[in-house]
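Worksheet for the structure shown next.
Number of protein chains: 2
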Amino acid sequence: MSDKMNTSLTTKELHKEEHLGSSAFITDIVIGMSDGLTVPFALAAGLSGAVNSNAVVITAGVAEIVAGSIAMGLGGYLAGKTEQEHYQAELKREYDEVDNLPEREKSEVRLIFQEYGLNELTQNIIADELAKDRDKWVDFMMKYELGLEKPDINRARNSAATIGISYIIGGLIPLTAYFFTQTPIDGLMISAILTVICLFIFGYFKSKVTGQPPVKGALKVMLIGIIAAAAAFLIAKSFNGLF
Amino acid sequence: MSDKMNTSLTTKELHKEEHLGSSAFITDIVIGMSDGLTVPFALAAGLSGAVNSNAVVITAGVAEIVAGSIAMGLGGYLAGKTEQEHYQAELKREYDEVDNLPEREKSEVRLIFQEYGLNELTQNIIADELAKDRDKWVDFMMKYELGLEKPDINRARNSAATIGISYIIGGLIPLTAYFFTQTPIDGLMISAILTVICLFIFGYFKSKVTGQPPVKGALKVMLIGIIAAAAAFLIAKSFNGLF
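Those protein sequence lines, which keep their order, are chains Y and W. Counting from 1, position 37 in the first sequence corresponds to residue 37 in our numbering; the numbering is continuous, with no gaps. Counting from 1, position 101 in the second sequence corresponds to residue 1101 in our numbering; the numbering is continuous, with no gaps.
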């Protein structure tokens, strides 16, 4: 490999690196926490306008955190497994197609490059050369025809666990205020101040690690939390008035 | 375009079609409903073991549905907008790179095809030909170097609204049982039967539209709901005992 190639490889990796931001683990923690803050906070806020007991708010909040973290964690894990199975099924299918309908697959390759304005001669060269290595040909079809990346099952499992646990930690933050106050409305006031600050902080890091403008992203995360909490408060209050 | 090309285009479209399953609208409804069933059901189940009033269960359930649908709908919409902005920023960057560092970009193209075992001559032909059309070159880099598809902002907005509304409808199903029963435990029994059946049905269609084996997928969705509800019930009950 020439030096030039090496340089461009490094540049490409750096370029990619900037897209990925920090490590996937940190990303999962921040995503789980900032999402975990939102719904339990809004639920607690909603109940604060409708019930008289901090114990009920905390119990409901804990139930939501358990439900949400399991739905998110287990759901994410099973979705990861399904994605893996889907990939394997498509992989088998592409191997079958490459083996049994090679001309059709070759014309699919040509079509991909036709769309990018490459001339027929070049299209043919690419298709013929790609067809020489069956595994790489299938790899190419998986990625460029079907847009499927090989899923990492360990990554899916770890990611689901990290997001689920971070959701629990994030969700407990808005609830703490109800432990140290006497009425749900007092709890809500402290909870709102605490949570809005945390939403901003986690929203900031969430945007950083997902490669968005951090302040703008932080404001968005904060805004979603506030709107969800305000809506839950108003609707739960008016709903409770019906009983 | 030759007949052969036409045939392969049609085949490719059919092939793609099978991956997408039904329309995106139906997919969003089914996803929103089956997800909406899970957390409000589990929250209501959790509270049923801890409080004595159906009104509290319903109020908490409604607050959760409001919070969850806003977090999901508004969150999804804003995420779609962010994705759009991210795409535009990367697009601008790729144009800059193609204009100012064309040789580096060309070697990135060569590298992509080197990974698929194409020889240097072919790599050069592709890079040189691609470089002739600036727009298509950038398109190619966006998709194959960065793996970014042009996001559809209308699609993101509609999708978020559909998922959010379907979450509300799905979430109301487990709550209906608490309207027609006297105690939370009675409500939970009816709610559990009703919701588990619905989780199976929506899980079945969810798997169909997302291209998974439907019965297996339906059982997974059902299982997540049951585990989340059972865990929320046990933890909320023991947590409530602390007060």
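Every residue gets a Cβ at the ideal spot worked out from N, C-alpha and C, and that includes glycine. Values in this document were obtained by computation on a predicted structure and should not be read as measured data.
Once DSSP output is grouped into helix, strand and coil, what is the label at residue i?
i, result
"L1188 of chain W", "helix"
"L1118 of chain W", "coil"
"K237 of chain Y", "helix"
"V1062 of chain W", "helix"
"D1128 of chain W", "helix"
"A231 of chain Y", "helix"
"D99 of chain Y", "helix"
"D1135 of chain W", "helix"
"L1074 of chain W", "helix"
"L242 of chain Y", "coil"
"E1083 of chain W", "helix"
"G1021 of chain W", "At G1021 of chain W, the pLDDT of 40 sits below 50, so the modelled position is not reliable; the number obtained from the coordinates is stated separately. DSSP places G1021 of chain W in coil when its eight states are reduced to three."
Return the first residue and the last residue of the alpha helix (DSSP H) that residue i is part of.
i, result
"M1142 of chain W", "First-last for M1142 of chain W: undefined, no H or E at that position."
"V109 of chain Y", "102–114"
"S1053 of chain W", "Premise fails: S1053 of chain W is in no alpha helix (DSSP H) and is neither H nor E."
"A1044 of chain W", "1024–1048"
Give me the Cα-Cα distance between residue i and residue j, rounded to the nearest whole angstrom.
i, j, result
"G21 of chain Y", "G211 of chain Y", "Unreliable positioning characterises G21 of chain Y in this predicted model, as indicated by a pLDDT of 40, which lies under 50. The coordinate reading is nonetheless provided below. Cα to Cα, G21 of chain Y sits roughly 6 Å from G211 of chain Y."
"G1049 of chain W", "E108 of chain Y", "58 Å"
"A236 of chain Y", "A1055 of chain W", "11 Å"
"I112 of chain Y", "Q84 of chain Y", "25 Å"
"A245 of chain Y", "T183 of chain Y", "Any property of residue 245 of chain Y remains undetermined from this structure, which presents chain Y solely from 1 to 243."
"G1225 of chain W", "F1233 of chain W", "12 Å"
"P1214 of chain W", "A71 of chain Y", "19 Å"
"D1152 of chain W", "I163 of chain Y", "27 Å"
"L43 of chain Y", "K150 of chain Y", "38 Å"
"T27 of chain Y", "V209 of chain Y", "6 Å"
"L1146 of chain W", "I1126 of chain W", "18 Å"
"A1230 of chain W", "T1038 of chain W", "12 Å"
"I168 of chain Y", "D35 of chain Y", "10 Å"
"A1024 of chain W", "L1121 of chain W", "42 Å"
"A1045 of chain W", "G187 of chain Y", "24 Å"
"P102 of chain Y", "H1086 of chain W", "38 Å"
"G1117 of chain W", "D1099 of chain W", "28 Å"
"S238 of chain Y", "V1138 of chain W", "54 Å"
"L1175 of chain W", "L1047 of chain W", "12 Å"
"K1206 of chain W", "N1124 of chain W", "45 Å"
"I190 of chain Y", "T59 of chain Y", "18 Å"
"F1202 of chain W", "F1041 of chain W", "14 Å"
"F200 of chain Y", "N240 of chain Y", "31 Å"
"Y178 of chain Y", "L1148 of chain W", "44 Å"
"E1090 of chain W", "M1142 of chain W", "8 Å"
"K1081 of chain W", "L223 of chain Y", "15 Å"
"L1130 of chain W", "V1221 of chain W", "46 Å"
"I1185 of chain W", "G61 of chain Y", "19 Å"
"S245 of chain Y", "T181 of chain Y", "Residue coverage of chain Y in this structure runs from 1 to 243, which leaves residue 245 of chain Y outside it and unanswerable."
With a threshold of 8 Å (Cβ to nearest heavy atom), would residue i be considered close to the ligand SAM?
i, result
"G1164 of chain W", "You won't find the ligand SAM in this model; it holds no ligand whatsoever."
**Study point:** Ordered list of alpha helix (DSSP H) runs contained in the segment 139–225 of chain Y, each at least 4 residues
**Key:** Within the segment 139–225 of chain Y, the complete alpha helix (DSSP H) runs of at least 4 residues are 153–179, 184–209.
Review point. Counting Cβ pairs closer than 8 Å, one from the segment 97–111 of chain Y and one from the segment 66–77 of chain Y, do we hit at least three?
Key: Segments in contact, no.
Exercise for review: Inspect the CB distances between the segment 74–84 of chain Y and the segment 182–201 of chain Y and report whether three or more fall short of 8 Å.
Suggested key: The segment 74–84 of chain Y vs the segment 182–201 of chain Y: no contact.
Practice item. May I ask you to verify whether the segment 159–175 of chain Y touches the segment 87–96 of chain Y, counting CB pairs closer than 8 Å and requiring at least 3? Key: Counting Cβ pairs under 8 Å, fewer than three are found: no touch.
Review point. Okay, do the segment 1128–1141 of chain W and the segment 1031–1051 of chain W touch, 3+ Cβ pairs below 8 Å being the bar?
Key: Too few Cβ pairs lie closer than 8 Å, so no.
Point to revise | Residues in the segment 178–198 of chain Y having any Cβ partner in chain C nearer than 8 Å | key: As a matter of chain content, chain C is missing from the structure shown, whose protein chains are Y and W.
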